[in-house]
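Structure, as structure tokens:
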Amino acid sequence: MKAAICELPCKLDPLGAEWERLAARIRDEKAELVLLNELPFGDWLSLSEHFDPGQAEASIAIHEAAMASLRTLAPRVIASRPVAAGDRLANEAFALVEGRYVALHHKHYFPFEPGFYERAWFHPAMPGFAVHQLPGARIGVQLCSELMFNEWARRYGRSGAQIIVAPRASGESVVKWQAALAMAAAVSGSYVLSSNRAGREGRMTFGGRGMAYAPGGALLAETSADDPVTTVALDFELVTAAQQEWPCDIPELPPEQAGMRS
174 MKAAICELPC KLDPLGAEWE RLAARIRDEK AELVLLNELP FGDWLSLSEH
224 FDPGQAEASI AIHEAAMASL RTLAPRVIAS RPVAAGDRLA NEAFALVEGR
274 YVALHHKHYF PFEPGFYERA WFHPAMPGFA VHQLPGARIG VQLCSELMFN
324 EWARRYGRSG AQIIVAPRAS GESVVKWQAA LAMAAAVSGS YVLSSNRAGR
374 EGRMTFGGRG MAYAPGGALL AETSADDPVT TVALDFELVT AAQQEWPCDI
424 PELPPEQAGM RS
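Numbering (our numbering), first residue to last: 174 to 435.
Structural data, given as structure tokens:
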């Protein structure tokens, strides 16, 4: 399977010339799977620590306006978007499979700090971390900060995920993200693909650098400002092998040993 990762600029307009140029670049890669970054269109809502219903509705609308264009990118397209969820939003990872919308996952772990006041805006309305069988691959999702909770990557691997997709909107420092992505690949035995937001918005600078890691944790490819879209070839026989080897083959602790002691 040929998969594409990317870094996309802030405040992207799905009807604008910049998106059209990037979309054409993505289509030219002729990938079978395209991964976009977290909440790729419009304003980054979490710059504000206060929920605003009008801004929330505008973000829902601009992501909905992008759907027609996204369906032209590849047979399988994965990203996230805001959806209404009671008094806040949910950050919903989704796939477009031959144009058909499939809800995959709601983000569960939210920071609350300058640039990332996500807890004010989002909560999950779809529980759990499920593996989804899409045509050609079994997929798990970890949305941005969820990568820091490595137990879910291990669980995805033990549930047979061949790819973990990790759309991000992260800052300029990449050290923790490189470590988290590599460890997710190592403990799951899966490919780990991540695309990121890029550029300056308000006082926040998003760091770009989409990254792809092989089963076992080796870096395969990364994007840059000069090369914002890149592709990798995925060989799922390598996933099968990695998930039968160390550390993936280490059994879970029995319940009587798994409890924490003070």
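Cβ atoms here follow ideal geometry from the backbone N, Cα and C, with glycine treated the same way.
(request) Return the chain-ordered list of same chain residues with a C-beta closer than 6 Å to the C-beta of residue 313, the five sequence neighbours on each side being excluded. (result) Here residue 313 refers to the residue found at position 140 when the sequence shown is read from its first residue. So the list reads 304, 329, 334, 337, once near-sequence residues are dropped.
(request) Quick one: give me the first and last residue of the beta strand (DSSP E) that residue 377 is part of. (result) Translated into the one-based positions of the sequence shown, residue 377 becomes position 204. Residue 377 -> beta strand (DSSP E) spans 377–380.
(message) Runs of 3 residues minimum, wholly inside the segment 355–435: which ones carry the beta strand (DSSP E) assignment?
(response) 364–367, 369–374, 377–380, 384–386, 392–395, 402–406
(message) Among the candidates 420, 239, 308, 363, whose CA atom is the shortest distance from the CA of residue 315?
(response) The sequence position of residue 315 within the sequence shown is 142, counting from 1. Nearest C-alpha to residue 315: 363.
(request) Run the CB neighbour count on residue 419, radius 10 Å, all protein chains shown included, and call it buried at 16 or more, exposed below. (result) Numbered from 1 along the sequence shown, position 246 holds the residue referred to as residue 419. It is exposed - the Cβ of residue 419 has fewer than 16 other Cβ atoms within 10 Å.
(message) Per the DSSP calculation, residue 179 is bridged to which residue(s)?
(response) One-based indexing of the sequence shown puts residue 179 at position 6. According to DSSP, residue 179 bridges with 402.
(request) Look at the alpha carbon of residue 248 and the alpha carbon of residue 404, and state the distance between them as a whole number of angstroms. (result) Stepping through the sequence shown from its first residue, residue 248 is reached at position 75. Stepping through the sequence shown from its first residue, residue 404 is reached at position 231. Rounded to whole angstroms, residue 248 to residue 404 spans 15 Å at the Cα level.
(request) Return yes when the Cβ of residue 208 is within less than 7 Å of the Cβ of residue 178, no when it is not. (result) Locating residue 178 in the sequence shown gives position 5, where the first residue counts as 1. Locating residue 208 in the sequence shown gives position 35, where the first residue counts as 1. Taking 7 Å as the Cβ cut-off, residue 178 and residue 208 qualify as a contacting pair.
(request) Go ahead and pull the three-state DSSP assignment for residue 348. (result) Against the sequence shown, residue 348 aligns to sequence position 175. Here residue 348 sits in helix by DSSP.
(message) Quick test of the definition: if touching needs 3 or more C-beta pairs under 8 Å, does the segment 185–192 touch the segment 372–386?
(response) no
(request) Report yes or no: do three or more beta-carbon pairs, one from the segment 223–239 and one from the segment 249–267, lie closer than 8 Å? (result) yes
(message) Starting from residue 253, trace the beta strand (DSSP E) in both directions and tell me its first and last residue.
(response) Stepping through the sequence shown from its first residue, residue 253 is reached at position 80. Residue 253 -> beta strand (DSSP E) spans 249–258.
(message) Mapping the DSSP letters down to three states, classify residue 330 as helix, strand or coil.
(response) Stepping through the sequence shown from its first residue, residue 330 is reached at position 157. Residue state, collapsed to three classes: helix.
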